[in-house]
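Protein chains: 2
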Amino acid sequence: MEPSTREKLLEVAEARFAQRGFAGVGMREVALAAGLGKSSLFHHFPSKAELYVAVLERVIARIEAHLLPALARPGDATAQIERTVDALIDALAEHPSTARLLLRSLVEDDAFAAGEPPELAAVEARLAALVGRFTALLGAPDAVQTLIGATVYHFASGEFGEAVLGGPLFSAEAVARRKREVKALLLHGLAAPASAPKENAPS
Amino acid sequence: MEPSTREKLLEVAEARFAQRGFAGVGMREVALAAGLGKSSLFHHFPSKAELYVAVLERVIARIEAHLLPALARPGDATAQIERTVDALIDALAEHPSTARLLLRSLVEDDAFAAGEPPELAAVEARLAALVGRFTALLGAPDAVQTLIGATVYHFASGEFGEAVLGGPLFSAEAVARRKREVKALLLHGLAAPASAPKENAPS
DNA sequence: GTCTATACTACGATAGAC
DNA sequence: GTCTATCGTAGTATAGAC
Numbered sequence: 027m028e029p030s031t032r033e034k035l036l037e038v039a040e041a042r043f044a045q046r047g048f049a050g051v052g053m054r055e056v057a058l059a060a061g062l063g064k065s066s067l068f069h070h071f072p073s074k075a076e077l078y079v080a081v082l083e084r085v086i087a088r089i090e091a092h093l094l095p096a097l098a099r100p101g102d103a104t105a106q107i108e109r110t111v112d113a114l115i116d117a118l119a120e121h122p123s124t125a126r127l128l129l130r131s132l133v134e135d136d137a138f139a140a141g142e143p144p145e146l147a148a149v150e151a152r153l154a155a156l157v158g159r160f161t162a163l164l165g166a167p168d169a170v171q172t173l174i175g176a177t178v179y180h181f182a183s184g185e186f187g188e189a190v191l192g193g194p195l196f197s198a199e200a201v202a203r204r205k206r207e208v209k210a211l212l213l214h215g216l217a218a219p220a221s222a223p224k225e226n227a228p229s
Numbered sequence: 027m028e029p030s031t032r033e034k035l036l037e038v039a040e041a042r043f044a045q046r047g048f049a050g051v052g053m054r055e056v057a058l059a060a061g062l063g064k065s066s067l068f069h070h071f072p073s074k075a076e077l078y079v080a081v082l083e084r085v086i087a088r089i090e091a092h093l094l095p096a097l098a099r100p101g102d103a104t105a106q107i108e109r110t111v112d113a114l115i116d117a118l119a120e121h122p123s124t125a126r127l128l129l130r131s132l133v134e135d136d137a138f139a140a141g142e143p144p145e146l147a148a149v150e151a152r153l154a155a156l157v158g159r160f161t162a163l164l165g166a167p168d169a170v171q172t173l174i175g176a177t178v179y180h181f182a183s184g185e186f187g188e189a190v191l192g193g194p195l196f197s198a199e200a201v202a203r204r205k206r207e208v209k210a211l212l213l214h215g216l217a218a219p220a221s222a223p224k225e226n227a228p229s
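Sequence lines, in order, name chains A and B. Going by this note's numbering, the first sequence opens with residue 27, and the numbers climb by one from there. Going by this note's numbering, the second sequence opens with residue 27, and the numbers climb by one from there.
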């Protein structure tokens, strides 16, 4: 079964937005790349902002599909952290646009000059909910920032990241290596020395 | 001594580019914010791309001013890592636009549709040189990616990062905390377990 | 649901007066 | 060195035929 026109438009728009950001992509470009005329795109999405939010909804849904099951399963803190980090990295590695769009949405929050679409608030709320789960799991908010940097930034880093690594970002071997690295980081590096003294740290 | 017109333009452009990216900022907007007409801006910078690169040059120079002295001083690996991480974080914390522009330059490498200005290659070379120094210092390329995520992403994360932390990113206390966190991470977390074991390309 | 045609605005960039 | 005026293009968005 071939994808619907709407799905194809979302696919094309996601790749473009991930590569050049909200302001850097034109509706004409998206429509033509999907094999439509510019005006037909406005039939499916009433504005550029709504197209962008629809793309973001797909991204957050993809991440939730990996993370929510991992977060739901019981276990001690260590096992949950390992499972959740694996799930997060699987989610980011699944599609090369995911991490980029996520990173952009964190940094380009004011991309809409005026009148954000109402669905955007819902996407942000779902994202904040996931962050809350991570904060509860890791204890320290600083560790959440580090985790995001070690995962979302990493898989969003594109050509630059590949130049740093001297190899691909999304190969199975590179993804497995990043899982090991991040888990070792959180379990043996962060937990003890840097975060505990100031606030209450769960043990 | 008041700043020259060129300096004021660079200041204004830096803030705007950091907030909304290359494509999201218009020349008219920059000029008016600096108290000039749009055409006067083209007298100082012959194109938007050259304005952007001039902004990036300031950013990389600022980072080099902190990092190169720290890298030049002798000492054992641990002391050098501590010194260099402190210098990197000082550089990123000095000006709230620095990390954002740096992160954008990593992710928006293809923002120029056609004909990049030649100065851009020089900026990228200086950035790559710094990355090379870090790779030599830390040993593992993966650790460099993690370090960038833990520092550049962190100070670029803006409102989202402040929501995660539940407090400011750039306060003296938050900056000092990040220094402790990143150093503990690299010295006690990463170095031993995750990077060394074996393997390069399984092919 | 897709098309052509169009409205209106903003874009980057240039020319030339002062 | 700054200005006004203008060029050509592309931006989002709408109207209406088919």
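Even for Gly, the Cβ is constructed at its ideal location relative to N, Cα and C.
| Asked | Found |
| --- | --- |
| Secondary structure of B/Asp-112, DSSP reduced to three states | helix |
| Rounded straight-line distance, which links the Cα of B/Ala-198 to that of B/Ala-103 | 27 Å |
| Cβ-Cβ distance between A/Ala-49 and A/Ala-113 below 9 Å | no |
| Nearest neighbour of B/His-180, chosen from B/Ala-87, B/Gly-63 and B/Thr-124 [CA to CA] | B/Thr-124 |
| Expected contact under 8 Å - CB spacing of B/Leu-233 and B/Leu-212 to nearest Å | An answer regarding residue 233 of chain B cannot be provided, because it is not within the stretch 27 to 229 covered by chain B. |
| Burial state of A/Gly-175 (16 or more Cβ within 10 Å) | buried |
| 8 Å Cβ cut-off: residues of chain B touching A/Ile-174 | Gly-175, Tyr-179, Ser-183 and Val-190 |
| Exposure label - A/Lys-74; buried when at least 16 CB within 10 Å | buried |
| Minimum Cβ-Cβ distance from A/Asp-135 to chain B less than 9 Å | yes |
| Contacts of A/Phe-196 in chain B (Cβ-Cβ under 9 Å) | The premise fails here: A/Phe-196 is roughly 13 Å from chain B at the closest Cβ pair, so nothing lies under 9 Å. |
| Complete runs of the alpha helix (DSSP H) confined to the stretch 27 to 91 of chain A [at least 4 residues] | 31 to 46, 53 to 59 and 64 to 70 |
| Closer than 9 Å to chain B by CB, A/Pro-207 | Per the sequence shown, the amino acid found at residue 207 of chain A is Glu instead of Pro. Yes, its Cβ sits closer than 9 Å to a Cβ of chain B. |
| 8 Å contact criterion, which A/Ala-91 and A/Phe-196 should meet: CB distance rounded | So it is not a contact: roughly 19 Å between Cβ atoms. |
| A/Val-157: contacting residues in chain B (beta-carbon distance under 7 Å) | Val-190 |
| heavy atom of the ligand MN below 8 Å from A/Pro-29 C-beta | With respect to the ligand MN, the structure offers nothing, as it holds no ligand at all. |
| Where the alpha helix (DSSP H) through B/Gly-165 begins and ends | Counting along the chain, B/Gly-165 falls outside any alpha helix (DSSP H), and DSSP gives it neither H nor E. |
| Which of helix, strand or coil DSSP assigns to B/Pro-144 | coil |
| Whether B/Val-149 touches B/Thr-161 by CB criterion (9 Å) | no |
| Any chain B beta carbon closer than 9 Å to A/Arg-152 | no |
| Cβ-Cβ separation, B/Leu-127 to B/Ala-44 (assumed contact under 8 Å), whole Å | 5 Å |
| Beta-carbon proximity check, A/Arg-42 vs B/Glu-134, cutoff 9 Å | no |
| Neighbour-count burial assignment, B/Leu-66, 16 or more Cβ in a 10 Å radius | Rather than Leu, the amino acid found at residue 66 of chain B in this sequence is Ser. It counts as exposed. |
| Limits of the alpha helix (DSSP H) - the one that A/Pro-122 falls within | 122 to 133 |
| Continuous alpha helix (DSSP H) stretch holding B/Ala-210: start and end | 198 to 210 |
| Contact under 9 Å by Cβ, A/Thr-62 with A/Leu-35 | What sits at residue 62 of chain A in the sequence shown is Leu, not Thr. A contact, by the Cβ cut-off of 9 Å. |
| DSSP-derived helix/strand/coil call for A/Ala-137 | coil |
| A/Arg-109 to B/Asp-168 span [Cα, whole Å] | 21 Å |
| Alpha-carbon spacing of A/Glu-207 relative to A/Thr-177, whole angstroms | 10 Å |
| C-beta contact flag for B/Gln-106 and B/Leu-93 at 9 Å | no |
| Beta carbon proximity, B/Ala-98 to chain A, threshold 9 Å | no |
| A/Leu-146 beta carbon less than 9 Å from that of A/Val-79 | yes |
| Alpha carbon of A/Ala-87 to alpha carbon of A/His-121, nearest angstrom | 13 Å |
| Local conformation of B/Ala-222 per DSSP, three classes | Here B/Ala-222 scores only 40 on pLDDT, less than 50, and its place in the model is too uncertain to base an answer on. |
| A/Val-190 vs A/Ile-115 beta-carbon contact at 9 Å | no |
| Where B/Leu-195 sits in the DSSP three-state scheme | coil |
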